[in-house]
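Shown next, in structure tokens, is the structure this report addresses.
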Amino acid sequence: MARSSVPIDPSKIRNFSIISHVDHGKSTLSDRILEITGAVDPRLMREQYLDSMDIERERGITIKAQNVRVHFEDHILQLIDTPGHVDFGYEVSRSLAACEGAVLLVDASQGIQAQTLANCYQALENDLEIVAVLNKIDLPAADPERCKDELDRVLGLPSESILSISAKTGEGVPDLLRAIIQRIPAPLGDANAPLRALIFDSIYDQYRGVISSIRVMDGTLHSSTKIRMMQARANHDVEEIGIRTPVPVPTDRLGPGEVGYLIAGIKEVASARSGETVTEATKPASEPLDGYRDPKPMVFCGIFPIDGDDLADLRDSLDKLKLNDASITYEPESSAALGFGFRCGFLGLLHMEIVRERLEREFNLALIATAPSVVYRAFLTDGSELRVDNPSDLPDPSKLDHIDEPLLDISILTPVEYLGTVMELCQNRRADMKKMEYLSTERVELRYTIPLAEVVIDFFDALKSRTKGYASLDYEASGYQTSQLVKVDLLINHASVDAFSTIVHRSNAELYGRKMAERLRELIPRQMFDVPIQAAIGGRVIARETVKARRKDVLAKCYGGDITRKRKLLEKQKEGKKRMKNIGRVEVPQEAFVAALKLED
């Protein structure tokens, strides 16, 4: 049922995001706010209420930003709960563009972590008012005074303005809501100006088409309006607008500063991308809103359907998922070993894993993903430059002058006792130290420049295991540098298998080739002839394993007698195997691809 169309006074609206490092309590705080403001019936309340995907609830992390409107002391608070993991920083940036303020949440037992700094600087770049909050003060290990000193010294947030709460018990949360009303400014916007609304997220519903989350900047959006998408240059009729409380509630108008949802029967995914500006078709605005910078993918992998007939379904599924997650890129790709599929780009390894799992769960697809790779710049001897995100596309070594690889600037925050082991890990991964700074007597920040290829495999896991989970990592792209890189090909029965090709540093090539050959020897079933498995750089073989042949006992019928007869039968068998080897093809089972392409333990 629609709400009444009484205009809302923008001075009573507060739009804010909750930002923090992973697992510092954003979703729990959202739960408490929903509870304290009475937005959700206590009988229906559950943990991580705003995390709607099964995969979010299983992993205990937020992947998609969610928004909800609540009422507190005659004010309207519009809350956007954001992810904390570094791979989902793009979700955070889109959410911040729809807000005037941010609640910076810090775990009182852990203090500042790498993503705390990154998200705080992102909020400051957007000119947002920051309300700093220490969470988990009910924990025995909480040390609020030390954390306040850190926030004051590192981020320049005055310690007297920092609030202390427990999102789990609800202690201090009403005071936080009052601080949000007092400190975060009301939205600015002219109700009489031409309509301009920003789409900051979209999902695809198979019955209703695209459902977009929007923030009205200027003007008023009515349920009877004919709208125009300014970037897509397409007109649509509004079917429904409304607000999330968190249940969707239809309404007949959204004024300046209000956040809600829009359904306009849009079926084409390209018409409602994040960052799109919505205006009226009859009285359009002259200039669109700034929107967002397109995210640059950092990690690439090939995604192939196990059943080739599912290719069209995979394309449709990627289209729909891109609407919900604009940071995915994909283009068609074919592989001699795996058939037809897509080369997909992601913001990081967790992002890659989540997207693959969502494709399998939400669209019922069975997929194979190749090993992750990054974008290299290959400079050829004729002076031309080639961008390579698939190792099998790298030109022949004789045509190559040099290869540049992408770098990251990384920031690691770790307790002092793990300093040695973290430095050792970074040195083993070809990292170059830029800075070391003690944040307090217990914690130190390390800054390194490191090749992206060394991070995408298992750097984060290795860092966590070496520091018992206490270290945190943040990163950003930092250009390219020339490196001694080579392409390692895997040949099975002298035929190259493109899915197993990879680009590695020359110093690691032999080790990688030996490991991969050993792994494939265990996975490829025995044939009627010997199957050589070779790792090669260009024409030079650097490692070899052999899958021994099955052997029929041709001497079973010989008992006693002349040795020459036995030798003759063995020679005949040998000739047959040689002929079979020349014409025989080795079928690599799908399970071997899946197992061999899984990341190294």
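Residues in the sequence shown are numbered from 9 upward in steps of one, following my numbering. Glycine is no exception: its CB is placed at the ideal position from the N, C-alpha and C atoms.
One or two residues paired with residue i in a DSSP bridge
| i | result |
| --- | --- |
| Met225 | Beta-bridge pairing links Met225 to no other residue. |
| Glu484 | Asp417 |
| Gly109 | Phe24, Glu137 |
| Gly347 | Ser343 |
| Asn75 | Ile88 |
| Val396 | Tyr384 |
| His410 | Phe387 |
| Ala544 | Asp497, Val549 |
| Pro256 | Arg252 |
| Glu288 | Ile235 |
| Pro423 | Arg451 |
| Cys566 | For Cys566, which the question treats as bridged, DSSP gives no partner whatsoever. |
| His230 | Arg261 |
Alpha-carbon to alpha-carbon, residue j and residue i
| i | j | result |
| --- | --- | --- |
| Tyr426 | His32 | 21 Å |
| Phe371 | His230 | 34 Å |
| Ile69 | Thr475 | For Ile69, the predicted model reports a pLDDT of 48, less than 50, meaning its position is unreliable; a value from the coordinates is still stated below. Cα-Cα distance, rounded: 21 Å. |
| Val512 | Ala544 | 12 Å |
| Ala557 | Arg575 | 19 Å |
| Gly546 | Lys443 | 39 Å |
| Ser325 | Arg369 | 11 Å |
| Phe508 | Gly521 | 10 Å |
| Met9 | Leu357 | With a pLDDT of only 41 at Met9, under 50, the local geometry of the prediction cannot be trusted, and the value read off the model is given with reservation. Near 43 Å, if we compare the C-alpha coordinates of Leu357 and Met9. |
| Asp570 | Leu577 | 12 Å |
| Ile41 | Glu284 | 30 Å |
| Ile500 | Val464 | 27 Å |
| Pro15 | Ser103 | 24 Å |
| Pro18 | Ala194 | 6 Å |
| Ile21 | Val114 | 25 Å |
| Asp466 | Leu367 | 23 Å |
| Pro258 | Asn200 | 23 Å |
| Pro340 | Gly347 | 11 Å |
| Ser172 | Leu165 | 14 Å |
| Ala518 | Leu163 | Residue identity differs from the one stated: residue 518 is Glu in this sequence, not Ala. Whole-angstrom Cα-Cα distance: 46 Å. |
| Ile420 | His79 | 39 Å |
| Ile336 | His83 | 37 Å |
| Pro202 | Lys330 | 30 Å |
| Asn75 | Asp135 | 20 Å |
| Tyr212 | Arg154 | 46 Å |
Environment of residue i [buried if 16+ CB atoms lie within 10 Å]
| i | result |
| --- | --- |
| Asp609 | Note on Asp609: pLDDT 40, under 50, position unreliable in the model; the coordinate value appears next. Asp609 should be labelled exposed. |
| Met441 | exposed |
| Ala140 | buried |
| Gln535 | buried |
| Thr290 | exposed |
| Asn23 | buried |
| His244 | buried |
| Cys434 | buried |
| Ile591 | Any reading at Ile591 must be qualified, since the residue scores a pLDDT of 42, below 50, and its modelled position is unreliable; the value itself is stated next. Ile591 is exposed by the Cβ-count criterion. |
| Val181 | buried |
| Gln118 | buried |
| Asp497 | buried |
| Ala280 | buried |
| Gly316 | exposed |
| Pro148 | exposed |
Residue i and residue j closer than 8 Å at C-beta
| i | j | result |
| --- | --- | --- |
| Ile458 | Leu415 | yes |
| Ile192 | Gly109 | yes |
| Asp209 | Glu179 | no |
| Phe468 | Val382 | no |
| Ile138 | Ala131 | yes |
| Asp412 | Thr490 | yes |
| Gly263 | Thr233 | no |
| Leu159 | Ile170 | yes |
| Arg455 | Val424 | no |
| Val267 | Met237 | no |
| Thr253 | Arg364 | no |
Alpha helix (DSSP H) segment containing residue i, residue limits
| i | result |
| --- | --- |
| Cys155 | 152-163 |
| Asn243 | No alpha helix (DSSP H) holds Asn243; the beta strand (DSSP E) holding it covers 242-245. |
| Ala187 | 181-191 |
| Ile44 | 34-44 |
| Ile362 | 357-370 |
Host beta strand (DSSP E) of residue i (start-end)
| i | result |
| --- | --- |
| Arg548 | 548-555 |
| Val512 | 510-513 |
| Met441 | 440-446 |
| Lys476 | No beta strand (DSSP E) contains Lys476, which DSSP labels as neither H nor E. |
| Ala205 | 204-213 |
| Pro459 | 451-459 |
| Leu196 | No beta strand (DSSP E) contains Leu196, which DSSP labels as neither H nor E. |
| Ile376 | 375-377 |
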